[in-house]
Amino acid sequence: MMDERELLVLGLLMVQSQHGYQINDFIEKNMGRVSDMKKATAYSLLKRLDKAGYVDVTIEQEGNRPPRQVYTITPQGEVYFLDLLRKSLGQMENLTPQGDISIMFMDHLPVEEVTARLQERHAKVVEYIDMLKSVPPHAQGAGIDISIQHRIALLECDEHWLSNTIEGLKNGTIQF
Numbered sequence: 001m002m003d004e005r006e007l008l009v010l011g012l013l014m015v016q017s018q019h020g021y022q023i024n025d026f027i028e029k030n031m032g033r034v035s036d037m038k039k040a041t042a043y044s045l046l047k048r049l050d051k052a053g054y055v056d057v058t059i060e061q062e063g064n065r066p067p068r069q070v071y072t073i074t075p076q077g078e079v080y081f082l083d084l085l086r087k088s089l090g091q092m093e094n095l096t097p098q099g100d101i102s103i104m105f106m107d108h109l110p111v112e113e114v115t116a117r118l119q120e121r122h123a124k125v126v127e128y129i130d131m132l133k134s135v136p137p138h139a140q141g142a143g144i145d146i147s148i149q150h151r152i153a154l155l156e157c158d159e160h161w162l163s164n165t166i167e168g169l170k171n172g173t174i175q176f
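The letter at position 89 of the sequence shown is residue 89 when you use our numbering, and the numbering goes up by one with no holes.
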């Protein structure tokens, strides 16, 4: 299984050399909608990519500020990035979406409680869809925008399924 977090970090370095704070800041502000990577994870990935020869690390000193490490993708890293990109674009994994295990066992609860929990979930899905739809277009390339559109499409499918399931539980066409 491929680690898409490596793809994310190397992709950011394909744009320009950056220090760790810049990478984490960009991920937090711009990629939080498509990645849940934590700061510590980004730093450990950068160390691993440096050790593998995919990035170079230099020390930068500005005035009285503490020195910071600047990461630059190497030619070997560019080849690795393109290989990861090609593999990821063509890959399909059969992942179990969060909550699907609980759906398998929902008939152990009263139908009214299941309906109420699914309505809570439905409201959260709708709220998240609305938030994603309010994201302004990204300035650099269409990739991030397309990724957000993909996430919206998946969530809209989940919203549709939830609506139908809730309705079926309420009108009795779905019974335990």
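Cβ coordinates follow ideal geometry from the N, Cα and C atoms, glycine included.
Each residue's CA atom was taken as its position, placing N94 and M14 some 29 Å apart. In terms of Cβ geometry, E159 and V135 do not form a close pair [threshold 8 Å]. For a cut-off of 8 Å, the C-beta gap from H19 to R68 is around 5 Å, short enough to register as a contact. For V135, there is no enclosing beta strand (DSSP E), as DSSP marks it with neither H nor E. Under DSSP, R68 shares a beta bridge with E60. Secondary structure note for N164: its alpha helix (DSSP H) is the uninterrupted segment G143 to N171. Here the alpha carbons of Q149 and L7 stand approximately 19 Å from one another.
Note on geometry: alpha-carbon atoms of D56 and I101 lie some 43 Å from one another. When DSSP states are grouped into helix, strand and coil, I174 belongs to the coil group. Nearest Cα to H122 within the set M106, I146, P110 and I166: I166. Pairing T72 with S147 gives a Cβ-Cβ distance that is not under 8 Å.
Rounded to the nearest whole angstrom, the CA to CA distance from I59 to I23 is 16 Å. Within its own chain, the residues whose Cβ lies closer than 8 Å to the Cβ of L155, once the five positions on either side in sequence are excluded, are V125, Y128, I129 and L132, listed in chain order.
Note that the C-beta distance between V79 and F176 is not below 8 Å.
Our two residues, K47 and L85, have alpha carbons roughly 20 Å apart in a direct line.
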